[in-house]
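A.B. asks: Positions 21 to 234 (our numbering) are the ones given, in order, by the sequence shown. Where is the CB? At the ideal position from N, CA and C, for every residue including glycine.
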Amino acid sequence: MPRHLTGKVVIATHNPGKLREMQELLAPFGVEAVSAGELGLPVPEENGYMFSENAAIKAHAAAKATGLPALSDDSGLCVDALDGAPGLFTANWAGPNKDFPGAMARVERELQKRGVTAEGNRKAHFVSALVIAWPDGHEELFEGRVFGQVVWPPRGTQGFGYDPMFQPEGLDKTFGEISSEEKHGIDWSKPEPEALSHRARAFVRLAASCLRRI
21 MPRHLTGKVV IATHNPGKLR EMQELLAPFG VEAVSAGELG LPVPEENGYM FSENAAIKAH
81 AAAKATGLPA LSDDSGLCVD ALDGAPGLFT ANWAGPNKDF PGAMARVERE LQKRGVTAEG
141 NRKAHFVSAL VIAWPDGHEE LFEGRVFGQV VWPPRGTQGF GYDPMFQPEG LDKTFGEISS
201 EEKHGIDWSK PEPEALSHRA RAFVRLAASC LRRI
């Protein structure tokens with residue numbers, strides 16, 4: 021049975037950009053969010069083989085450490101011509117210093133090695149797996165995807181990570197060129213709320229199951 025999330029939740033991340041997005045998504049539901057980074061929690065080893073497995077590892081670790089429900093996102097960029105890379109290693113490509121400009125340049129280098137030009141197969145998609153875990157071990161999983169293409173050079177300074185090189189289907193702008201409201205804003209007035217980003221699409225499913233608007 022799905023559980024409702026109320027009160028306080030730990031966002032199992034040390035990524036300030038990801039924390040900011042999750043706090044904005046949770047705001048309409050009156051849920052207080054604090055990050056694993058703010059609490060000084062260690063980063064668990066992410067040794068899963070799927071986004072959902074890594075999200076669960078982080079969520080359960082934070083829930084166990086704090087005695088609070090914990091929400092974790094594991095997400096990544098999957099480029100068709102690179103056989104789905106960087107995929108699970110999306111963050112790893114940026115290295116320990118979180119050099120995402122360098123990571124985006126690596127994506128482009130790998131495409132060039134395979135002969136993929138600006139007019140070639142640059143299809144890609146972002147995946148987000150959201151897991152809520154409770155201290156007693158119960159968990160809920162929700163996933164979202166957004167399809168589009170990678171562009172070069174990167175455009176825009178909004179967002180974080182690979183956003184400046186990802187252009188979603190139906191838009192002529194990258195995630196780096198649109199506001200946070202455009203990227204993950206959700207029109208809750210609709211019977212079936214719509215969202216643009218992968219994380220927001222996963223969150224719509226999470227909200228339908230586990231949250232109540234205030």
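(1) Helix, strand or coil for Ile-77? Go by DSSP, reduced to three states.
(2) Give the DSSP-derived three-state secondary structure of Asp-100 in the structure shown.
(3) Using 10 angstroms around the beta-carbon of Val-63, count the other beta-carbons present and answer buried if the total reaches 16, otherwise exposed.
(4) Would Phe-167 pass as a contact of Leu-97 if the rule is Cβ separation under 8 Å?
(5) Is it right to say Thr-33 is buried, meaning 16 or more other beta carbons lie within 10 angstroms of its own, or is it exposed?
(6) In chain order, what residues of the same chain have a beta carbon less than 6 Å from the beta carbon of Asn-74, not counting five sequence neighbours either side?
(7) With a cut-off of 8 Å on the beta carbons, I'd call Ala-56 and Ala-82 a contact; round off their distance for me.
(8) Compute the Euclidean distance between the alpha carbons of Lys-203 and Glu-128, then round it to the nearest angstrom.
(9) Should Ser-209 go down as buried or exposed, given a rule of 16 or more other Cβ atoms within 10 Å for buried?
(10) Starting from Lys-28, trace the alpha helix (DSSP H) in both directions and tell me its first and last residue.
(11) Can you tell me which of the three DSSP states Gly-107 falls into?
(12) Buried or exposed, going by whether 16 or more other CB atoms sit within 10 Å of the CB of Lys-38?
(13) Ala-227 to Glu-160, Cα distance in whole Å?
(14) With DSSP as the reference, label Pro-36 as helix, strand or coil.
(15) Cα separation between Leu-102 and Lys-143?
(16) Tell me whether Met-70 is buried or exposed, calling it buried when 16 or more other Cβ atoms sit within 10 Å of its Cβ.
(17) Since I believe Leu-216 is in contact with Pro-188 (beta carbons under 8 Å), could you give me their beta-carbon distance rounded to a whole number of angstroms?
C.D. replies: Reading it off the structure:
(1) Here the question's residue 77 lines up with position 57 in the sequence shown. DSSP places Ile-77 in helix when its eight states are reduced to three.
(2) If you number the sequence shown from 1, residue 100 lands on position 80. DSSP places Asp-100 in helix when its eight states are reduced to three.
(3) Numbered from its first residue, the sequence shown carries residue 63 at position 43. Exposed.
(4) One-based indexing of the sequence shown puts residue 167 at position 147. One-based indexing of the sequence shown puts residue 97 at position 77. No.
(5) By 1-based counting over the sequence shown, the position of residue 33 is 13. When all chains shown are included, Thr-33 counts as buried.
(6) For the purposes of this step, residue 74 is taken as residue 54 along the sequence shown, with counting starting at 1. These residues qualify, in order along the chain: Glu-66, Gly-68 and Asp-94.
(7) The residue given as residue 56 occupies position 36 in the sequence shown. The residue given as residue 82 occupies position 62 in the sequence shown. About 5 Å separates the two Cβ atoms, so the contact holds.
(8) In the sequence shown, residue 203 corresponds to position 183, counting from 1. In the sequence shown, residue 128 corresponds to position 108, counting from 1. In a straight line, the C-alpha of Lys-203 is about 23 Å away from that of Glu-128.
(9) Within the sequence shown, the letter at position 189 stands for residue 209. Label assigned to Ser-209: exposed.
(10) Reading the sequence shown from its first residue, position 8 is the one you call residue 28. No alpha helix (DSSP H) holds Lys-28; the beta strand (DSSP E) holding it covers 28 to 31.
(11) Taking the first residue of the sequence shown as 1, we reach residue 107 at position 87. Shown here, Gly-107 sits in a helix according to DSSP, grouped into three states.
(12) Here residue 38 refers to the residue found at position 18 when the sequence shown is read from its first residue. Per the 10 Å Cβ criterion, buried.
(13) Locating residue 227 in the sequence shown gives position 207, counting from the first residue. Locating residue 160 in the sequence shown gives position 140, counting from the first residue. Straight-line Cα distance between these residues: approximately 11 Å.
(14) As a first step, residue 36 must be located in the sequence shown, where it is residue number 16. In the displayed model, Pro-36 falls within a helix according to three-state DSSP.
(15) Stepping through the sequence shown from its first residue, residue 102 is reached at position 82. Stepping through the sequence shown from its first residue, residue 143 is reached at position 123. So the two alpha carbons sit approximately 10 Å from each other.
(16) Working through the sequence shown from its first residue, we reach residue 70 at position 50. The residue is exposed, with fewer than 16 neighbouring Cβ atoms inside 10 Å.
(17) Against the sequence shown, residue 188 aligns to sequence position 168. Against the sequence shown, residue 216 aligns to sequence position 196. About 6 Å separates the two Cβ atoms, so the contact holds.
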